[in-house]
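Below is one structure, written out as structure tokens, with a few remarks after it.
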Amino acid sequence: MQALFSSEKMNWETPQMLFKKLDNIFKFEIDVAADENNKKCKKYYGLKEDGLNQTWKTEQGGAVWCNPPYGRDIRKWAEKAYKESKLHNTTIVMLIPSRTDTQYFHDYIYNKAKLFFIRGRLKFINEKKQEEHSAPFPSMIVIYNSKGENLEAINER
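So for the sequence shown, the numbering used here puts the first residue at 2; every next one is plus one.
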């Protein structure tokens, strides 16, 4: 059995129910870390566009969604989200592993964003649109430029 988020596969689709709950709150305009098969917004940056080299600015007052690849480059995504949120005063919402012991967490997330820890382990969606086994780590929602949103409904199953 292939380990979830092994080095062979790092792009997993956000569970639709979780995204729907978040989208109802934030009204996402763009998915900055997607591909044609797992995009969550009409506008998205895929591998070809490379979200790390794009501007993360919304046009309709909505938010940016980012469920980045969970490999070593996650630090780059956290740094980009932090800097773009400051540069454009844009609300950016990330779904990432809850790894509070990492350097990137302390450099770009802690005391810089609102955090919401997801209860239990998420079951991400594979390329066949099927739920996988539970992730081997907890997840968190990171919100830059939060407007005090209440996310308690996220943990309701």
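A virtual CB, placed ideally from N, CA and C, is assigned to each residue, including glycine.
Query	Result
Minimum length 3: unbroken beta strand (DSSP E) runs contained in the region 66-154	93-98, 115-118 and 140-145
9 Å Cβ cutoff met for Ala114 and Ser140	no
CB of Lys58 within 9 Å of CB of Thr92, strictly	no
Per-residue DSSP class, three states only, for Asp32	strand
Residues that DSSP places opposite Tyr45 in a beta bridge	Asp32
Contact set for Ile31: own chain, Cβ-Cβ below 6 Å, skip 5 residues either direction	Cys42, Lys44 and Val65
Nearest-angstrom Cα separation, counted from Gly52 out to Val33	5 Å
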